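These notes are about the structure you will find just below.
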Amino acid sequence: MKNLLSLNDLTNDEIFKMLDDAIKFRNGELDFSLKGKVIANCFFESSTRTQYSFNTAELRLDAKVITFNPQSSSLNKGETFYDTIKTFESFGVDGIVIRDKKTRYYDELKNIKTVIINAGDGTGDHPSQNLLDLLTIYDEFKTFDGVKVLIAGDIKHSRVAHGNVKIMERLGMKCYISGPKEFMDNTAEYIDFDEGVKSCDVVMMLRIQRERDAHLETLTDSQYLEKYGLNLERVNKMKPNAIIMHPAPFNRNVELADEVIECSKSRIFKQIENGVFARMAILKRSFE
Ligand code: CP
């Protein structure tokens with residue numbers, strides 16, 4: 001029974017094992033079941049992909065699933081985050097998948113004995129997204145060694161960027177960041193956006209995280225697209241085998257032009273498909 005809080009807590013071998021398991025699940029080559037296990041998905045912050053992809057993975061592995069609804073819960077009566085999770089532990093569930101807006105929310109859950117799987121903590125980490133991103137890149141290039149990744153947009157508020165850079169660089173990739181200066185931090189080396197688009201193997205675009213108070217005073221959405229967004233003109237300057245990624249949800253015609261979202265270089269919906277298999281592998285690691 002193992003928690004998963006950050007991919008950076010794992011060895012490279014453990015990460016490669018999960019990638020291998022995800023590929024085997026995708027190929028129908030792995031027989032593993034969570035029959036008899038009850039998993040609670042406790043999302044205190046909005047989610048479509050992560051929540052329902054975990055839900056799909058749990059159902060595919062024959063687990064029974066509880067979906068916590070914060071809007072109709074006793075949070076409204078002043079119950080705390082900790083007391084809510086402690087309550088699910090007291091129900092005797094086997095695992096709790098948690099997303100919360102607080103970075104490192106799990107630090108206050110140290111005495112919870114139930115398996116915890118982090119589905120995103122504030123601007124900190126998003127291990128299941130990081131794993132599905134690795135899987136999508138591996139599918140494409142069959143290696144991580146020397147793959148150059150541009151992550152562009154609102155880096156500062158992005159748990160995806162923060163988690164990905166740490167794990168990608170550890171696995172031999174080279175990461176660059178780009179975007180408006182208000183959204184830059186020291187996560188990775190900065191590169192001019194157009195230069196990064198031309199020279200990188202992966203162009204990973206990020207949404208402006210307005211729910212974390214991210215905003216630009218000076219640019220309209222169309223000005224943002226013109227200056228920092230991926231349009232067809234820029235896509236045509238990418239390397240022939242380079243791919244476009246985005247964790248989604250995306251904001252059409254802000255960081256991505258409409259016509260780019262399903263273009264031949266886009267792997268955005270492939271990422272979402274891979275998310276189910278990556279999460280099946282994460283669940284297997286936690287419960288095998
Ligand atoms: N990529 C991602 O975490 O999407 P959701 O917020 O919809 O889960």
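Mapped onto the numbering used here, the consecutive letters of the sequence shown carry residue numbers 1 to 288.
Using N, Cα and C, we set each Cβ at its ideal position, and we do this for glycine too.
Because the structure is a prediction, the values reported are computed rather than measured.
Asked	Found
Proximity below 7 angstroms, CB of residue 154 to CB of residue 183	yes
Helix, strand or coil at residue 48 according to DSSP, with G and I counted as helix	coil
Cβ contact check for the stretch 193–212 and the stretch 160–178: 3 or more pairs under 8 angstroms	yes
Residue 160 beta carbon less than 7 angstroms from that of residue 126	yes
Nearest-angstrom Cα separation, counted from residue 231 out to residue 315	Here the chain comprises residues numbered 1 to 288, so residue 315 is not present and cannot be evaluated.
Environment of residue 271 [buried if 16+ CB atoms lie within 10 Å]	buried
Same chain, Cβ closer than 8 angstroms to residue 257, neighbours up to 5 away in sequence not counted	225, 229, 230, 231, 232
Residue 83 to residue 3 span [Cα, whole Å]	19 angstroms
Spatial neighbours of residue 44 in its chain, beta-carbon cut-off 6 angstroms, leaving aside the 5 residues before and after	70, 100
Backbone secondary structure at residue 30 - three-state DSSP	coil
Run of the alpha helix (DSSP H) containing residue 221, from where it starts to where it stops	221–228
Three-state secondary structure assigned by DSSP to residue 245	strand
For residue 290, the first and last residue of its enclosing alpha helix (DSSP H)	The chain is shown only over 1 to 288; residue 290 falls outside these bounds and no answer can be derived.
First through last residue of the alpha helix (DSSP H) which encompasses residue 132	127–141
Residue 218: CB within 6 angstroms of a non-hydrogen atom of the ligand CP	no
Spatial distance of residue 146 from residue 75 (CA atoms)	47 angstroms
Residue range of the unbroken alpha helix (DSSP H) whose run includes residue 274	268–287
Environment of residue 249 [buried if 16+ CB atoms lie within 10 Å]	exposed
Proximity winner among 253, 29, 129, 206, relative to residue 223 (alpha-carbon distances)	253
Residues of its chain near residue 279, where Cβ-Cβ distance is below 6 angstroms and the 5 sequence neighbours each way are ignored	53, 54, 57, 128
Sufficient close CB pairs (3 or more, under 8 angstroms) joining the stretch 112–123 to the stretch 88–96	yes
Through-space distance from residue 156 to residue 191, alpha-carbon basis	15 angstroms
Between the CA atoms of residue 14 and residue 33 - distance to the nearest angstrom	20 angstroms
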